[in-house]
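Comments concern the structure below.
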Amino acid sequence: MSKIDDLTLGILSAASVEGDVVILNCGQLDRKRYVDVNKVLEAMGGKWNRKVKGHVFSESPTDKLEAIILTGEYDKPADYGYFPTPMDLADKMITLANLTPGMVVLEPSAGQGAIAERVARIVGYDNVHCFELLNDNCEALMKYGFLKTECCDFLSVEPKPLYDRVIMNPPFAKQQDIEHVTHALKCVKPGGRLVSIMASGVTFRQNRKTTEFLDLIGDSEIINNPPESFKLSGTMVNTVTVIVCV
């Protein structure tokens, strides 16, 4: 559990709930304060919606918000390895994937749809298959139109080569990214492509897991992402983007 500072807690206490939307009633916030408030609301399962000027949830967030205000604590999705993909990196991944309408695409750690939403604009929502571990994120994905969402650990799923593209931002801790990408490669059709964010350690670590993975992907392209790309998502881990053609 993570503690919420008093100023952020005061802002959340003054917020109102309208249906499944949390509306902040504090006027314009400075950038740092907004980031702090947004982290809590996203951890609850909310997603900012400019049109309604509030954070939208898959169901009424009243009970969750009251619990957070009472305890001054919240569960961080980062505890489960969830760090949302920054918009600029998500856009870059879509370009690298070279998508065309009608392709069938897998997002095996879909979060709240930062990547999947961009994919769906090109291939269609019915052609995007999502896996996601956190229940709140699964509910959000379903609400946003990703009806082919399975709420489970992707590593527990039997891999089958069904997908033209796999685009993913897996958890990084303890080299889980290597495990997820290795598993996901078994889901790509011959002639398909995988594009994944990974921790930059894959380029310099020399343990057995890393060397075996690099042998697996051969001369696949690895692109360094800008330093601190995930800072606003809650981690300072430097990352790369890996492109593997099958």
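Each number in the working numbering corresponds to the 1-based position in the sequence shown with 989 added. From the three backbone atoms N, C-alpha and C, an ideal C-beta is built for every residue, glycine too.
Give the straight-line distance between the Cα atoms of residue i and residue j, rounded to the nearest whole angstrom.
i, j, result
"G1100", "D1052", "22 Å"
"L1001", "G1102", "24 Å"
"I1111", "L1059", "43 Å"
"E1147", "L998", "43 Å"
"G1250", "N1126", "In the structure displayed, the chain extends from 990 to 1235; residue 1250 sits before or after that span and is not available."
"T1089", "L996", "47 Å"
"I1012", "V1006", "6 Å"
"V1191", "C1176", "21 Å"
"F1046", "G1034", "6 Å"
"N1214", "T1230", "7 Å"
"C1141", "N1124", "9 Å"
"L1174", "D1204", "13 Å"
Helix or strand or just coil, what does DSSP make of residue i?
i, result
"S1005", "strand"
"K1040", "coil"
"C1119", "strand"
"Y1069", "In this prediction, Y1069 scores a pLDDT of 47, lower than 50, which makes its location untrustworthy; the coordinate-derived value is nonetheless stated afterwards. In the structure shown, Y1069 sits in a helix (DSSP, three-state: H, G or I)."
"E1168", "helix"
"V1024", "helix"
"G1035", "coil"
"C1234", "strand"
"R1194", "coil"
"L1203", "helix"
"D1052", "helix"
"I1057", "helix"
"S1209", "coil"
"C1140", "strand"
In or out: residue i buried (at least 16 other Cβ within 10 Å) or exposed?
i, result
"I1212", "exposed"
"I1186", "buried"
"I1201", "Reading off the sequence shown, one finds Glu at residue 1201, where the question assumed Ile. Exposed, because fewer than 16 other Cβ atoms sit within 10 Å of the Cβ of E1201."
"K1149", "exposed"
"M1076", "exposed"
"N1116", "buried"
"Y1069", "With a pLDDT of only 47 at Y1069, under the threshold of 50, the placement of this residue in the model should not be trusted, and no figure is reported."
"D1166", "buried"
"A1162", "exposed"
"E1055", "exposed"
For chain B, is any of its Cβ atoms less than 8 Å away from the one on residue i?
i, result
"S1002", "Absent from the structure: chain B. Only one protein chain is present."
Who are the near neighbours of residue i in its chain, counting only those whose CB is closer than 6 Å to its CB and skipping five residues on each side?
i, result
"R1107", "A1079, I1083"
"K1137", "H1118"
Below 7 Å CB to CB, which residues in the same chain sit around residue i once its five sequence neighbours on both sides are set aside?
i, result
"A1003", "N1014, C1015"
"G1181", "Y1152, D1153, R1154, V1235"
"P1216", "N1227"
Among residues of its own chain, excluding the 5 on either side of residue i, which ones have a beta-carbon nearer than 8 Å to its beta-carbon?
i, result
"D994", "D1025"
"T1199", "Q1164, I1167, G1190, V1191"
Quick test of your reading: residue i and residue j, contact by CB under 8 Å. State the CB separation rounded to the nearest angstrom.
i, j, result
"S1098", "P1159", "5 Å"
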